[in-house]
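Let me begin by presenting the structure, written as C-alpha cells, before commenting on it.
Residue numbers (mature numbering (1 follows the signal peptide of the UniProt record, and there is no 0)): -31 to -1, 1 to 803.
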C-alpha cells in the first residue's frame, strides 16, 4: 500500500469530484471497466458482466440489520449483486475508513487509488509493474483486477483483489503462498460484524514442511487442519469433496495454495468470523438466506494442543477426552486429575534408542511439531528405516502430498495436537521401548484364544437363534389371535396397581398404509425409541407414528411405561397419545402430529432459527415450564420425566411447545420427590451431576434439564459440543462466565438482532442459571420458576456455579463414578446416553 499523500496529477480532488463523469465501457476483457480519466464516487458502482457482483462504497451494518452503526464511515468493497442481504466479500480500505466522501480513480503511474475529500491517498493497488494502458475491471468471480490493455492476450494481472483477501474465500480464490514473490494470501477476520477492520484472527496456509491450514489469534495457534495428503487435510472430512464444492490443493516450486471449485453454479463462500470460527455458507434461494453448511472447528478436540505433547484427544471417550499415547504417562498427574492436560505426557522409558520398536496408531490426525523432516519421494518402508537410524526421531507417517503414493514425514521432540478421528485419519507410528510391544508368542497365544472364543460363540449363537426363532413364532401366533379378538389394548402398571388402561388399537395394515409402508419420505425423526413417521389416516387425520426400532436401547418396559403415563395425562403442553399398534414384534405409539417437528430442529439450525423471535422463544420457555409443573405437581400422578431435552419438545402449527417421550419417566406416589436407580438413562448435556454420577434423581433433575434448554433457546447453541475459541467451557460454563463478568447479553443469539426486551432476556438467563446450579437443593421448583418468569417484580437470587461447569463432555466430570459405562447389568451404574 502506498504511503498517505496527495494524488500525483494535474487535477485537484474537488474539481475531479464535480467534473469527472463515470463512464462504463465494455471491451475485450468482457467486463465493465475503469480507465484513466474515469472514476467512481460514493453514489456510483460497477457491476460485473454477469450481474453477480458489485463494487462500490458502503457503510457497514450490524448483521441482518438495516440500521448502520456509524453513517459517517465509508469503505470501498465488493458484495453480491443479486442477494437481498448485503454480503460484503472484500474491503479495500478496511483499516483506513473514509469519514467523508471518497473517489476511486487512477494516479499518473496507472495505479488504482482511493482518495478522501482532501485528495489524500488512503488506499492504493500498489502494483509492482507500470501499465501503459491501465484498465480496472470487476469479474463475475468477484475478483477486481488491474491489467494493461496492451497485454490483453496474456491474461496477466498487474494487481488483483484475490491476492489480498479480507475475511472471505470465494471459489477460485487462492489461500496460500506465491513462493517466488513471497505473497501470502490469507484471511483476516473482521473486528466485529459491523466493523471490517482487521480483527484478532487470521487463517493461513502454513508452508513449512507440513502444508496445513492454521488459525491464529494474534500470534497464538488456535486450530489447524492437519497436513494435506492426497485428497484432503488430515482428519478434516468437512473440507473433502462434496456435492457443493471440490477442494483443490497445489504445491510446486512456484506456489502452494488451497482453493475450491463450486459445482452447479451454487453460490458458496468460506468466512472467518469475528469470533474465530471458519465457516462455509451456501445461498438458499427458496429461503432467501445463507445456509451454514458446516463450521471447520467441530468440537473441543479442535482446540490446539488441548492434550499437550504426546497426548491424544478423543471426543467420544467415555472417561476423559485426553489420553497419553501408549508408552507415555502424564507429566503432571495431579493436573490431569483436575482435567488440565496442557502439560502433556512423557515417555515411561526415556532411553529407547537401540532397544525400541513402533506402535501403530490408526485413525489419527497427524500431529504438529516444532521439528520434523519431510520427503515427498520416500516410501513408508524407507521412512521407518530413516527414523530408526536417528535417535531423536519419535514418530513417522506417510504423507502423500502430491498424490504419487510416496511421501514421508518424521517428527522429533514433542508431538502436539494429535486427535482420534476414526475413518478420516491416518496411521501414525510411535517410537516406544521394546517392553511396550507385545512379543510374537504373546500375539500368537492371543490369536489362538480369540479363535477358540469365536468358535464357541458361533456355536452358542446358533443354538440361541434357534430357540429365539421358536419363541418368536409362538409369540406372533399368540398376538395374532389376541389382536383379532379385541380392538383395545389393556396395560397393567409396573408399579403393581390394579388400575388397567384401555387404549385404542390401530391395525398394522392401516398404519402401514398411512405411512406409505414406512417410507423414507415419511420419516420425520428418530430417537432412542426408534424412528418416527408422519402418517395420514383414512379419516384424514395427520398422526405421528413412533415405531420401536430393532436396535433400540428401549423395549417393552419403556413402551408400557409411556402408554401408562401419557394416556393418563392431559395438558396443552404435553403431546397427546391417540393410540397404539401391537402386532407380533411390532410396537408403535400413535400421537397427534406436530407440523413444526421438534425444538432442536429449529433452534439449532441457522436457516430456521430466525423464525423464532424473542416473543416466540419466551412463549416456548413458559410453555415447557407449565408442562413440567403439571407433571411435578398438578397431575394426579407425580411424574419425573428424566429425559427432558430440546428434541423431546415438539412444536405445533402455532409453535406451542409440547413435551413428549415418556419412555424414561418415573411415577412418584404421595409426597415422594426423589429416588435412586441403578439404571441411569438420559442424554449427555441435559443430565444433572447427581443423577449422572450417583443415580440419584428427583424433581430437581427435570429442573436442571429445563435450565439447559432455557440457555440453549436464548443462545441458539447446544450445550453439548459447544465451542468457543477463547475457552474450553461448555454452554453452561460460558453462560456463567458471561454472567459473572456482567456481560450476560453476549450470550443472546445474534440472529435476534437486538430486538428484545433486555430485562426479560436477562431474567431468563438468570432463571436458566438458577436451574442448572450444582446442588439440587439450590435449584428452584417449577412453581418458583413460573413465578420468576411471569412476574418482573420478583427479586431473583444470584445463581451459584453450574453443575458440569468446566467441561463440554458429561463423562469428563468424574471418571471414577462413570466407569464401566457399557450395557452390563452387573455394574453399579448403567448409563444409557442418547
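By construction, the Cβ of each residue, glycine as well, lies at the ideal position given by its N, Cα and C atoms.
- Straight-line spacing of the CA atoms in residue 499 and residue 566 works out to 16 Å.
- Of all C-beta pairs linking the segment 661 to 677 to the segment 712 to 723, fewer than three are shorter than 8 Å, placing the two stretches out of contact.
- Of the residues 294, 549, 537, 561, the one whose Cα lies closest to the Cα of residue 505 is 561.
- By the 16-neighbour rule on beta-carbons within 10 angstroms, residue 425 is exposed.
- For the pair residue 226 and residue 217, the Cα-to-Cα distance works out to about 8 Å.
- The beta carbon of residue 583 lies closer than 8 Å to those of 721, 724, 725, 726, 729, 730 in the same chain, with the five residues before and after it left out.
- CA-CA distance, residue 125 to residue 116, rounds to 7 Å.
- Here residue 428 is exposed. Its C-beta has fewer than 16 other C-beta atoms within 10 Å.
- A straight-line Cα-Cα distance of about 10 Å links residue 553 and residue 443.
- Distance from the Cα of residue 134 is smallest, within the candidate group 493, 219, 172, for 172.
- Under the criterion of beta carbons closer than 8 Å, residue 377 and residue 360 do not qualify as touching, at roughly 18 Å.
- In summary, residue 486 is exposed, with fewer than 16 beta-carbon neighbours lying within 10 Å of its beta-carbon over all protein chains present.
- Secondary structure at residue 176: coil, using DSSP grouped into helix, strand and coil.
- At least 7 Å separates the beta-carbon of residue 253 from that of residue 389.
- Residue 616 sits buried, since 16 or more C-beta atoms from the chains shown fall within 10 Å of its C-beta.
- If you draw a straight line from the Cα of residue 701 to the Cα of residue 169, it is about 25 Å long.
- Ranking 355, 322, 136 by CA distance to the CA of residue 160 puts 136 first.
- Burial check for residue 595: the Cβ neighbour count within 10 Å reaches 16 or more, so the residue is buried.
- Beta-carbon to beta-carbon, residue 341 and residue 305 are separated by about 26 Å, too far to satisfy the 8 Å threshold.
- The shortest CA-to-CA distance from residue 692 to any of 591, 301, 265 is the one to 265.
- Non-local C-beta neighbours of residue 769 in its own chain, meaning closer than 7 Å and more than five positions away in sequence, comprise 742, 743, 747, ordered along the chain.
- According to the DSSP assignment, residue 153 belongs to the beta strand (DSSP E) that extends over 152 to 154.
- The straight-line gap separating the alpha-carbon atoms of residue 212 and residue 513 is approximately 31 Å.
- Note on geometry: alpha-carbon atoms of residue 9 and residue 75 lie some 11 Å from one another.
- Comparing C-alpha distances from residue 104 to each of 118, 91, 94 shows the shortest one belongs to 118.
- Nearest in C-alpha terms to residue 354, of all of 338, 323, 194, is 323.
- The closest CA to that of residue 606, considering only 570, 539, 574, 502, is found on 539.
- DSSP places residue 213 outside both helix and strand once states are collapsed to three, so it counts as coil.
- Assigned with DSSP and collapsed to three states, residue 659 falls in helix.
- In the pairwise beta carbon analysis, the segment 50 to 63 is classified as touching the segment 257 to 271: at least three pairs are separated by under 8 Å.
- Counting only runs of 4 or more residues that sit fully inside the segment 703 to 779, the alpha helix (DSSP H) segments are 727 to 740, 751 to 759, in chain order.
- Positions of the alpha helix (DSSP H) runs, each at least 4 residues long and wholly inside the segment 547 to 619, are given as 568 to 572, 583 to 598 in order along the chain.
- In the structure shown, the three-state DSSP call for residue 405 is helix.
- Here residue 394 really is in contact with residue 334; their C-beta atoms are around 6 Å apart, less than 8 Å.
- The three-state reading of DSSP puts residue 304 in helix, counting H, G and I together.
- Residue 62 holds the alpha-carbon nearest to the alpha-carbon of residue 26 among 5, 62, 2.
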